[in-house]
Each structure stands twice: as C-alpha cells, then as structure tokens.
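Novice:
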Amino acid sequence: MTLSPASVPRFARGMRLREDPARGRWVVVGPERLFVPDEIALEVLRLLDGARGVDAIVDDLAARYHAPREAIAADVLALLDDLQAKGVVTA
Amino acid sequence: MTAPPPPLGLLAELTHRCPLRCPYCSNPVELSRASAELDAATWGRVFREAAALGVLQLHLSGGEPAARRDLPEIVAHAASAGLYSNLITSGVTLDAERLRALAAAGLDHVQLSVQDAEAGSADRIGGLRGGHARKLDFARAVEAAGLPLTLNAVVHRQNLDRLGGLIDLALELGAGRLEVAHVQYYGWALRNRDALLPSRAQLDAATRTVTEARERLRGRLVIDYVVPDYHAKRPKACMGGWGRSFIAVSPAGRALPCHAAESLPGFDFPDVREHSLAWIWTESEAFQRFRGTGWMPEPCRGCEHKERDWGGCRCQAFALTGDTAATDPACAHSPHHHLLDLAVQDAAVAGVEFTYREMGAATAG
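The structure is reproduced here in structure tokens:
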C-alpha cells in the first residue's frame, strides 16, 4: 500500500492528535504508543481530515510556506509513508 | 531533589478476578479479593488526578476488567478525564452488547490476549476449555463495534514455534497491531519458569519470523517485539525507569511504580484512598526509592548506560539475587548474570506441566 499524490490519508483507527498541556506540546496518542510530531509533521497531521488528499495538503503547505511544490511533495510523501509504517496513518 | 518528570501512563488494575488461570500471570501471587476493590467513584477521582499530573494513557486491566459490572461507568470516568483508554482483556466474558456499551462510554482501544494460535493448546495454557473460541468471537465483535484492536500474544517455549500462526491470526482478526510479549519471570511465571523458558534456537527462529513479517506486512500490521531478558546482554529500562513515567494502582488501591512491585519486600506502598496521586508521585518514599541513579550500586553506578536502562527491573533483581537494589541479572555486567544461563539449561531438560494461577495459592507452592 504505497502512498501516491492521489491518496487520501487519515488517522489509523485509534490514533488521535491531542494537546499535551503538562508538557506544552501536541502528541498523537494510540494504543500503548505516543508520537511527538516535529513542527512540519504537526502541520501535516493537522490537515488530515479524511477528505483532503496528499495533493491538496501539498498545495496548502506550499502556499503557506512559499516553498517549491516538488520539494514539499517529496517531504510530505516520505513523512506519511513513515507514519503509515508506524500505524499512525492509513490511506 | 528536583521534581520528577510528569507521569505518562496509568495502569488501573480494576480487579484480580479472572476466568483464565494463565501460569505466567503478572498479578501478584497473593491475589486481592473482590471485597477489597476500589469503587468506580474512587477510580474516577484517581483518573482526574492522573490527567492533571500529565498522564495521557490509561490501561484498564486486571485480572479481567470485565469482571467488574460497573466497567462502563469506569470507562466513562476515563473519557471525561480526557485519558486515552485501553481495555486489556481476555475477551472470554464480554459479549457484543456489553462491548457496545463500553464503546458508547468512550472506550478508545481494545487489547485482547491470546494464549496460542491453536485452540487446544491455547485452552490448556489459559486453563479454560472453550476460551480460545470465545476470544475469536470477541475479536469479531470489536471489529463490528468499530474499535481498534491489538492482539497480545504472550510467548514462551510451549507456543513460540507457532508465532507465524499468531501473526496470521492477528491479520485474520483485523488487528492493527500485534504485541509479541515474552513472559517476564517473576510471580507466577517464576514458579513456572522451567515449563516456559524458550531455548536460544527457538528465540532466534522467532526473531527471524518477526523480521520477515514486519517487512511483508509494512503498513498493514505493526508488530511490537522485544528480545526476552534471559537471552539478552542488556537489561530493559523497566517501566521506563522506576517512578519516571508510569504509575500502577492495584485493585485494593495501592499505588505502585510497577505492577509487580508488591513482590518486593520492605515497602509501604501508598494508598490512593489516603493520598493524592500528586503526593504519591512527587513525595512518597516508595516512588523515590529507586528513582534516578543515586541509589545505584556498582556496576550500575559507573556505567555509561545507567540513564538508559536505569539498572533494569527491580522485581527481577530481587527474585534472582534476594537484593532489591542489585543490578538486574539480565545485564552482562551483573555478577549474577550466569544465573540466567543456568535457568535456560535447567528448562531445556524440564517438563511441560504448569502450576496454574489461583486465589489463595500463595502459601501452597
């Protein structure tokens, strides 16, 4: 199950993005797991709504950060692929 | 002493009652009676205090947590406290209707234990005829209720050769995650060590099976797997270090740095009915005793790994050396490390009979 620009990624069942107020950060909690996304990963995870595709996520980030679209696309796909292998994201 | 980091996880052992009799049960050999159990309202207060301290994840365990008729109320307390709730269950007493009630109360995740990939062997290990078939029905109900499922397979000499079958079972049941947990040898499991310890050849084959399956099932099934202590050179950071990230509360309300800590002598573990969780975490003697590195003897004291493994498991150190503050014998630097090899050799020529877990057996063995 390789992710493509047309994929629509979403959180895997049981994975939730939430604030961790005691430590001043955002985390993804799941079954006996905890992921602490870095700034970029957090931006991507906040855009996962089960409707927006990888292409739309890349458009959004490229516009907001005024960055080349190809570079953003490669980073986003690599990030989502890693999160999929860890069971955080599914598509 | 500086304030400890906030705890991340809370294990709520709701009861010691359980329909299974697994010979490696992690409950203490001295089991609590139902009459001593905390009520749901007290659990609710403990959950709110835990969330305020920084706990994010709650594990509802036992015994069998579904032995509590008020489990939906307890789950609702967890949800309103904002904790991620994980039900750790044997699955043999929960039907679809009760499961739906738990989902409606806000349950986040289910972890189902299985004893083997084959019904006959699984029922023998769990000590309950027909148990395995009921677990399979329960797993399907979890899927139907839309809840995420982790399969937990406790492995040892008598089922490790069917690890491939356990991986297939996890896929068949729609689990997103499989936890392959080697038996840890204290309490009941220590009594049954000769019947449970795997051989090195078995372990190496299992590790190859996991490595191959992880690659093949990437993106479909996450497999958690840790090499067991008796074949390791380095100890594990048990519970992430004593009093560093984890609190367990026993059915009778004792707060523990590890769910097995009541096997250690010389402690007066604080009672959640008498103290706040914040006091227990920061002030109680029990949580401070092995926190950090100041308590360590040699060879831990001068070791470069001391802030990685935190000296290993206190329960294992005590069980094998008689000294709660000794370096965990799982470490190759421990003067007692040879005891592990001797145990593996003894087990290789031992039989397969179990001493099953039961109430009131503490003095019988």
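Protein sequences, first through last, are from chains A and B.
Per the UniProt record's numbering, the first sequence starts with residue 1, numbered consecutively.
Per the UniProt record's numbering, the second sequence starts with residue 1, numbered consecutively.
Where a beta carbon is used, it is the ideal one built from N, C-alpha and C, also for glycine.
Note that this is a predicted model, so its numbers are computed, not measured.
So, with DSSP's three-state summary, where would you put A:R52?
Specialist: Here A:R52 sits in coil by DSSP.
Novice: Can you tell me the Cα-Cα spacing of B:Q288 and B:T282, whole angstroms?
Specialist: Each residue's Cα considered, the two are about 8 Å apart.
Novice: For residue 377 of chain B, does the three-state DSSP call read helix, strand or coil?
Specialist: Absent from the structure is residue 377 of chain B, since the part of chain B shown begins at 1 and ends at 365.
Novice: Where does the unbroken beta strand (DSSP E) through B:D224 begin, and where does it stop?
Specialist: Looking at the DSSP string, the run of the beta strand (DSSP E) that includes B:D224 is 222 to 225.
Novice: Please report the straight-line C-alpha distance between B:H59 and B:F47, rounded to a whole angstrom.
Specialist: Roughly 11 Å separates the two Cα atoms.
Novice: Check distances from the C-beta atoms of the region 9 to 35 of chain A to those of chain B and list, in chain order, the residues that come in under 9 Å.
Specialist: Cβ contacts with chain B come from A12, R13, G14, M15, R16, R18, D20, P21, A22, R23, V27, V29, G30, P31, E32, R33, L34.
Novice: Compare the C-alpha of B:L128 against each of B:M239, B:L342, B:R21 and name the closest.
Specialist: For the residues B:M239, B:L342, B:R21, the minimum Cα distance to B:L128 belongs to B:R21.
Novice: Is B:D204 buried or exposed, if buried means 16 or more other CB atoms sit within 10 Å of its CB?
Specialist: So B:D204 counts as exposed.
Novice: Report yes or no: do the region 14 to 32 of chain A and the region 42 to 49 of chain A share at least 3 C-beta pairs separated by less than 8 Å?
Specialist: They touch, by the three-pair rule.
Novice: If B:N192 sits next to B:F354, beta carbons under 8 Å apart, how far is it from one beta carbon to the other, in whole angstroms?
Specialist: Contact flag correct, Cβ pair sits at about 5 Å.
Novice: Kindly indicate which residue of B:K233, B:S245, B:L171, B:I167 has the alpha-carbon position closest to the one of B:R208.
Specialist: Checked all of B:K233, B:S245, B:L171, B:I167; the closest Cα to B:R208 is B:I167.
Novice: Are the CB atoms of B:L53 and B:A278 nearer to each other than 8 Å?
Specialist: Going by C-beta atoms, B:L53 is nearer than 8 Å to B:A278.
Novice: Using a Cβ cut-off of 8 Å (strictly closer), state whether A:G87 contacts chain B.
Specialist: Taking Cβ atoms only, chain B reaches closer than 8 Å to A:G87, which makes this a yes.
Novice: Taking 8 Å as the threshold (C-beta atoms), are B:L8 and B:S245 in contact?
Specialist: Yes, the Cβ-Cβ distance between B:S245 and B:L8 is below 8 Å.
Novice: Within 10 angstroms of the Cβ of B:Y186, are there 16 or more other Cβ atoms? Answer buried if so, exposed if not.
Specialist: By the neighbour-count rule (16 or more Cβ atoms within 10 Å), B:Y186 is buried.
Novice: What does the Cβ neighbour count give for B:T363, buried or exposed, with the cut at 16 atoms within 10 Å?
Specialist: Low per-residue confidence applies at B:T363: pLDDT is 46, beneath 50, and the placement is therefore not dependable, though the value from the model is reported in the following sentence. Exposed: under 16 other Cβ atoms inside 10 Å.
Novice: Indicate the three-state DSSP secondary structure (helix, strand or coil) for B:Q202 in the structure shown.
Specialist: It is helical.
Novice: Taking the DSSP output, what are the residues bridged to A:T90?
Specialist: Answer by DSSP bridge pairing, in chain order: A:R10.
Novice: Residue range of the alpha helix (DSSP H) that B:Q288 falls in?
Specialist: Residues 285 to 288.
Novice: Considering only residues of the same chain and omitting the five flanking positions on each side of B:D309, which have a CB-CB separation below 8 Å?
Specialist: For B:D309, where only same-chain residues beyond five positions count, the Cβ hits under 8 Å are R234, P235, K236, A237, D328, C331.
Novice: Take the Cβ of A:E19 as the centre, count every other Cβ of all protein chains shown within 10 Å, and call the residue buried at 16 or more, exposed below.
Specialist: The residue in question, A:E19, is exposed, as its Cβ has fewer than 16 Cβ neighbours within 10 Å.
Novice: Can you check DSSP and say which residues form a bridge with A:W26?
Specialist: DSSP output for A:W26 lists A:E19 as bridge partner(s).
Novice: Quick check: the Cα distance between A:T90 and A:L80, rounded to an integer number of angstroms?
Specialist: Going from the Cα of A:T90 to the Cα of A:L80 covers about 9 Å.
Novice: What is the rounded straight-line gap between the Cα of B:S334 and the Cα of B:I223?
Specialist: When rounded, the distance between both Cα atoms is 30 Å.
Novice: In the region 79 to 106 of chain B, which residue ranges form an unbroken alpha helix (DSSP H) of at least 4 residues, counting only runs that do not cross its ends?
Specialist: Counting only runs of 4 or more, we get 96 to 105.
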